[in-house]
Amino acid sequence: MKTQFSLIALIILMLYNFLPLLAQDKYEQERANMVKWQIEYRGIKDKNTLDAMNAVKRHLFVPPGNMSNAYNDSPLPIGYGQTISQPYIVAYMTELLEVSPGDTVLEIGTGSGYQAAILAAFVNHVYTIEIVKELGISAKERLKTLNYDNVEVKVGDGYYGWEEHGPFDGIIVTAASEYIPPSLIDQLKDGGRMIIPVGSPFSVQTLMMITKKGEKIKTTSLIPVRFVPFTRQK
Ligand code: SAH
808 MKTQFSLIAL IILMLYNFLP LLAQDKYEQE RANMVKWQIE YRGIKDKNTL
858 DAMNAVKRHL FVPPGNMSNA YNDSPLPIGY GQTISQPYIV AYMTELLEVS
908 PGDTVLEIGT GSGYQAAILA AFVNHVYTIE IVKELGISAK ERLKTLNYDN
958 VEVKVGDGYY GWEEHGPFDG IIVTAASEYI PPSLIDQLKD GGRMIIPVGS
1008 PFSVQTLMMI TKKGEKIKTT SLIPVRFVPF TRQK
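My numbering applies: residue 808 is where the sequence shown begins, and numbers increase by one.
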């Protein structure tokens, strides 16, 4: 009887000590559900993309007041009139980019840094440019705190790309442009891909895939999307 009692006491003590450790990332379950029902269920299959969506703590990329909505099936405001994209769109664009562990990627539109972190979880290096200074600075700090050491953030107009680090295996643009900035095409590697929303900033745009093979540039229209506008530095 006595040994039974001490065994129960021991189990309670162990649970008491270990449960908080298990609950450390209390959003883990929400993230797993997001990946299952919003992403895999809609047809995303690429393992690198799914693993990254499972690993990156999206709730740390949204304003503190909105953390409990971080895993919702929607975009969320991040300040300065900008948004972090819906999880499915992030996964869809990541899969389409078809980049792999040795690759270098350029992102235009850092925003919160979430898309950059997703890519950084499995590619070699991510260069990302943000035009809103405050967003660029806070994304840089966030990514540093979270140990995404293979991401470099620059504040500036992404229209011109980032020539000294190019050409890139993949270029991802997360703001809607009326046309494809020519320097971005120039900075795409032979065999590389670009994913970019193209169209009027005030209506629905088309997500486009641009591939480069030698001198040949191929453009494919994918799905209708709605992104914040690609702005220019005056
Ligand atoms: N990828 C982001 C979503 C960003 S929303 C994330 O994961 O959170 C698009 C971002 O593009 C905004 O922050 C906006 O300020 C930025 N942007 C718009 N035009 C730009 C430009 N010309 N160069 C760089 N960033 C730009």
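Note that CB positions come from ideal geometry on N, CA and C, so glycine has one too.
Let's test the definition: count the other Cβ atoms within 10 Å of the Cβ of residue i and tell me whether it reaches 16, buried, or not, exposed.
i, result
"R1039", "exposed"
"V912", "buried"
"V842", "buried"
"I1030", "exposed"
"F1034", "buried"
"P988", "buried"
"Q994", "buried"
"R1000", "buried"
"E902", "buried"
"S875", "exposed"
"F1009", "exposed"
"T952", "exposed"
"W844", "exposed"
"S919", "buried"
"S892", "buried"
"L828", "Low local confidence applies: a pLDDT of 49 at L828 is under 50, so the model's placement there is unreliable, with the coordinate-based value given in what follows. Exposed is the call here."
To which residues of the same chain is residue i closer than 6 Å at the C-beta, ignoring the five residues directly before and after it?
i, result
"H972", "Y934"
"I915", "I936, G965 and V980"
"G963", "I936"
"P1004", "A983, Q1012, L1014, V1032 and F1034"
"H855", "Note that residue 855 is Asn in the sequence shown here, rather than His. Only F929 meet the Cβ criterion."
"T1027", "M1016"
"Y955", "A924 and A927"
"G968", "S990, L991 and Q994"
"T1018", "R1000 and K1025"
For residue i, which residues in the same chain have their Cβ closer than 7 Å to its Cβ, ignoring the five residues on either side in sequence?
i, result
"Y899", "I851"
"A839", "N861"
"P1036", "A982, A983 and P1008"
"N931", "P908, G909, D910, T911 and N957"
"D853", "E902"
Are the beta-carbon atoms belonging to residue i and residue j less than 9 Å from one another?
i, j, result
"P894", "D880", "yes"
"A862", "A928", "yes"
"V958", "Q889", "no"
"K1025", "G998", "no"
"A859", "I925", "yes"
"Y834", "H866", "yes"
My assumption, with CB atoms under 8 Å, is that residue i sits in contact with residue j. Please give the rounded CB distance.
i, j, result
"F975", "Y921", "19 Å between Cβ atoms; not a contact."
"V960", "G943", "6 Å"
"L857", "N873", "At roughly 24 Å, the Cβ-Cβ gap does not stay under 8 Å, so L857 and N873 are not in contact."
"E985", "S1007", "7 Å"
"A908", "I885", "Before going further, note that residue 908 is Pro rather than Ala in the sequence given. The Cβ separation is near 28 Å, so there is no contact."
Residues in its own chain within less than 8 Å of residue i by CB, not counting five upstream and five downstream?
i, result
"L904", "V912, L926, G977, I979, R1000 and I1002"
"K864", "D832, Y834, R838 and L953"
In the DSSP assignment, what are the bridge partners of residue i?
i, result
"F1037", "Its beta-bridge partners do not exist; DSSP assigns none."
"Q1012", "V1032"
"S984", "V1005"
"I915", "I936 and V980"
State yes or no: is the C-beta of residue i nearer than 8 Å to some heavy atom of the ligand FAD?
i, result
"F1037", "Questions concerning the ligand FAD fall outside what the structure shown contains, since the ligands it does hold are the ligand SAH."
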